[in-house]
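Novice: Take 246 as the starting number for the sequence shown in our numbering and just add one per residue. Just dropping this structure here.
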Amino acid sequence: MASPALLRRVPRARFGAICSGQLLSASGRTLNARLLLSRTITNSTKLSSATTSASIASTGVRATTPDVLGDFQKVGANTRYDNTYVGKTGGEIFHDMMLKHNVKNVFGYPGGAILPVFDAIYKSPYFDFVLPRHEQGAGHAAQAYARATGKPGVVLVTSGPGATNVITPIADAMADGTPLVVFCGQVATAAIGTDAFQEADMVGISRPCTKWNVMVKDVADLPRRIDEAFEIATSGRPGPVLVDLPKDVTASVLKNPIPVVSSMPTFTRKIKETLEERSKIIDSKLDRVQTLLSRAKKPVIFAGHGILSNPDGPKVLRELSEKLSIPVTTTLLGLGAFDERSDLSLHMIGMHGSGYANMAVQEADCLLALGARFDDRVTGNTKLYAPEARLAGQEERGGIIHFDISPKNIGKVIRPTEAIEGDVTEMLKLLLPRLTAVSRLQREEWLSQIASWKKRFPFTFTPSKPGELLKPQAVIQELDRQTAEIKDKVVITTGVGAHQMWAATFYRWTQPRSLITSGGLGTMGFGLPAAIGASVARPDSIVIDIDGDASFSMTGMEMATVRQFNLPVKILLLNNEEQGMVTQWQNLFYQKRYSHTQQVNPDFPKLAEAMGLKGLRVTKQEELAPTMKQFLETEGPVLMEVKVASKEHVYPFVPAGKALHQFILHGSLS
């Protein structure tokens, strides 16, 4: 069996950075390992084993020597030329490239530096344009569009503040692995570096939060750069890219045919040898995973957002769980990947996850992490994380097994017993036939222990007494009850704060891609623009933004966008007149010094009505059920404000520095 560390000893060649989710450029040519390998293997070799096919689909391939890649194609006597775009402006080329990449919706905001493009897309028959009230709204809407469809979201904004306003969505997309293609205007090339009006160094500013960025300096380069942008945004671990478009480039006319020169280096024998070696390594590693799983008595599956990147992911996850009778917990962004109605569901893990999921992970002798990066919100104190699995790994009777498409995520936080780099779903498809089924009866002791934890540590809260304001948890439960039979038609977006955690824990998640929220960056104001993007992406779905008053206030003006484009977005607004998640920390750790966390809000229903939405309000318990019914049955856009109790904490809660099993439960501090 190959050493688990073998891949880590293989030196990175020129395309190694792409394998880890970053960009590496050589000789001005962008390299994309996934596309290079898939194209060249398909066309130039006879490697046909299932393992090799799966390895091609991943971005975990690493070169053995710096000369694994062949030479880049160069313009020569035999070079073909493409005259498709001759006589067209850069703006018109952009328009045609959107058709080429099957773009149906673009989100953005015009301005001076990008006007040649906006003029070219005037009344475009190719795609619909969504105009928000702020560029940040465009970015978040595009993120949600991508999350709802699996296709890259496209943003088009102007230079300077128009572009800098999209940095937060770009960083959010980078954190959560969302494919986003951002096009921003720029001052003319002759003015770059002169501090011209609305000039900003977007290539420099966005470098830390994009997979790749580029400034196009010649109209002849525009088609190639747009192709590269879409390729890189969607390959490997998806993420954001940025293309900076100087005004003179988009305004100029292409005069000469463009040489057809691939951005990919040529295929070589050594690439074939590398892939063959990788196939053997994967086979060996999968055999070891099978052995570790077969020896484990108390396994747990820990599924993250990566399991949703492949359409087959939830199905394969269910097959794996049921075949081996292994309970499943998910991250916040993994919610919906596994049906929480199943008796094998442990619901969400982490700081505000279920007590029984946290206990199960701490007691498990084998933790199978699928497309999760071990964020601090799901590990607690890493030194105290999964101690039984770590011990079992040392004794070769279990351990921590990590499947991830991004090599840089493996071993970054938690050192695994075994790791498989590649498309998680495709790797699981290779693993499943190797596994021997394990019945629930064979897992009886472990599953009984978990059932005991479920009874001992349920999600709970103290209901309001007559005359008191509603508890926010009760509002989410009522929404869950009234949508129970239509969840395949419901998409939930949220802002960030306590309401986000109540939505995660008191709503039962049964459908993939049914939750769109900000995870890694935790961006307040995400919910409403995300609902816009989700509604555009899935017009036949019931899109509900579960929001808090503080988060909603940051982007609430996007209600005007909802009305302008006649989107049937529903806003469920929990109003406690404070920044609830922050006040919880101030209550528990800062002696109730509520420093600048209280706020005076507008009349939200009236504000909604002023923008063309229907406005509803709930202040009493007896109003909740009938108003929720009216809310769900309203055909057009609607906002339902619920006045909820303040100082209501989110439980369970793992304090900073504590292990996952050291959680605080509701009522334990009273």
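For every residue, glycine included, the Cβ atom is placed at its ideal position computed from N, Cα and C.
Just tell me which of 392, 894 and 505 has its CA closest to the CA of residue 705.
Specialist: It is 894 whose Cα lies nearest to the Cα of residue 705.
Novice: Give the straight-line distance between the Cα atoms of residue 800 and residue 641, rounded to the nearest whole angstrom.
Specialist: Whole-angstrom Cα-Cα distance: 52 Å.
Novice: Do residue 360 and residue 324 have their beta-carbon atoms positioned less than 9 Å apart in this structure?
Specialist: No, Cβ-Cβ distance for residue 324 and residue 360 is not below 9 Å.
Novice: Using C-beta distances below 7 Å, list every residue in its chain close to residue 870, excluding the 5 sequence neighbours before and after it, in chain order.
Specialist: These residues qualify, in order along the chain: 723.
Novice: Helix, strand or coil, according to DSSP, for residue 353 in the structure here?
Specialist: Residue 353 falls in the strand class under three-state DSSP.
Novice: Please report the straight-line C-alpha distance between residue 762 and residue 827, rounded to a whole angstrom.
Specialist: Residue 762 and residue 827: Cα-Cα distance of roughly 19 Å.
Novice: Could you give the C-beta distance for residue 351 and residue 372, rounded to a whole number, given that I count them as a contact under 8 Å?
Specialist: Yes, they are in contact, since the Cβ atoms of residue 351 and residue 372 sit about 6 Å apart, within 8 Å.
Novice: Just to confirm my understanding: we take residue 392, look at its own chain, exclude 5 residues before and 5 after, and list those with CB closer than 7 Å. What are they?
Specialist: 423, 758 and 761, listed in sequence order.
Novice: Could you tell me which residues DSSP pairs with residue 375 in its beta bridges?
Specialist: Looking at the DSSP assignment, residue 375 forms a beta bridge with 352.
Novice: If you follow the beta strand (DSSP E) that residue 457 is part of, which residue opens it and which one closes it?
Specialist: Segment 457 to 460, the beta strand (DSSP E) holding residue 457.
Novice: Where do the ends of the alpha helix (DSSP H) carrying residue 817 lie?
Specialist: Counting along the chain, residue 817 falls outside any alpha helix (DSSP H), though it belongs to the beta strand (DSSP E) covering 815 to 820.
Novice: Using only the alpha-carbon positions, how far apart do residue 452 and residue 458 sit?
Specialist: Near 7 Å, if we compare the C-alpha coordinates of residue 458 and residue 452.
Novice: Return the residue from the list 687, 721 and 781 that minimises the CA-CA distance to residue 376.
Specialist: The option with the nearest alpha carbon to residue 376 is 781.
Novice: Could you have a look at residue 895 and say whether DSSP puts it in helix, strand or coil?
Specialist: Looking at residue 895 - three-state DSSP - the assignment turns out to be coil, as it is neither helix nor strand.
Novice: Counting along the chain, where does the beta strand (DSSP E) carrying residue 514 start and finish?
Specialist: No beta strand (DSSP E) contains residue 514, which is instead part of the alpha helix (DSSP H) from 514 to 540.
Novice: Would you list the one or two residues that DSSP bridges to residue 663?
Specialist: Looking at the DSSP assignment, residue 663 forms a beta bridge with 646.
Novice: Buried or exposed: where does residue 687 fall if 16 or more other Cβ atoms within 10 Å of its Cβ makes it buried?
Specialist: Exposed is the call here.
Novice: Residue range of the beta strand (DSSP E) that residue 228 falls in?
Specialist: There is simply no residue 228 to check, as the chain begins at 246 and stops at 915 in what is shown.
Novice: Just how far apart, CA to CA, sit residue 876 and residue 584?
Specialist: Whole-angstrom Cα-Cα distance: 26 Å.
Novice: Tell me residue 739's beta-bridge partners as DSSP assigns them.
Specialist: In DSSP, residue 739 forms a bridge with 791.
Novice: Using a 10 Å radius around the Cβ and a threshold of 16 neighbouring Cβ atoms, would you call residue 590 buried or exposed?
Specialist: Looking at its Cβ environment, which holds 16 or more other Cβ atoms inside 10 Å, residue 590 is buried.
Novice: Along the chain, where does the beta strand (DSSP E) that runs through residue 547 open and close?
Specialist: First-last of the beta strand (DSSP E) with residue 547: 544 to 548.
Novice: Just mark residue 889 as buried or exposed, buried being the case when its beta carbon has 16 or more other beta carbons within 10 Å.
Specialist: Label assigned to residue 889: buried.
Novice: Mapping the DSSP letters down to three states, classify residue 882 as helix, strand or coil.
Specialist: Residue 882: coil per DSSP, three-state reduction.
Novice: Helix, strand or coil, according to DSSP, for residue 331 in the structure here?
Specialist: The answer is coil: DSSP assigns residue 331 none of H, G, I, E or B.
Novice: In whole angstroms, what separates the C-alpha of residue 536 from that of residue 681?
Specialist: Residue 536 and residue 681: Cα-Cα distance of roughly 10 Å.
Novice: Taking buried to mean at least 16 other C-beta atoms within 10 Å of its own C-beta, is residue 901 buried or exposed?
Specialist: So residue 901 counts as exposed.
Novice: Going by beta carbon distance, what residues of the same chain come within less than 7 Å of residue 378, once the five residues before and after it are set aside?
Specialist: Answer for residue 378: 802, 803, 805 and 806, listed in chain order.
Novice: Does residue 912 pass the burial test, meaning 16 or more other C-beta atoms within 10 Å, or should it be called exposed?
Specialist: Exposed, by the Cβ-count rule.
Novice: For residue 650, tell me which candidate among 568, 662, 667 and 634 has the shortest Cα-Cα distance.
Specialist: Among 568, 662, 667 and 634, the Cα nearest to that of residue 650 is on 667.
Novice: In angstroms with no decimal places, state the Cα-to-Cα distance between residue 280 and residue 481.
Specialist: The predicted position of residue 280 is uncertain, since its pLDDT is 44 and thus under 50; no value can be drawn from it.
Novice: On the three-state DSSP scale, how would you describe residue 589?
Specialist: Coil.
Novice: Can you tell me the Cβ-Cβ gap for residue 548 and residue 615, rounded? I've got them flagged as a contact below 8 Å.
Specialist: Going by Cβ atoms, the distance from residue 548 to residue 615 rounds to 5 Å, so yes, they are a contact pair.
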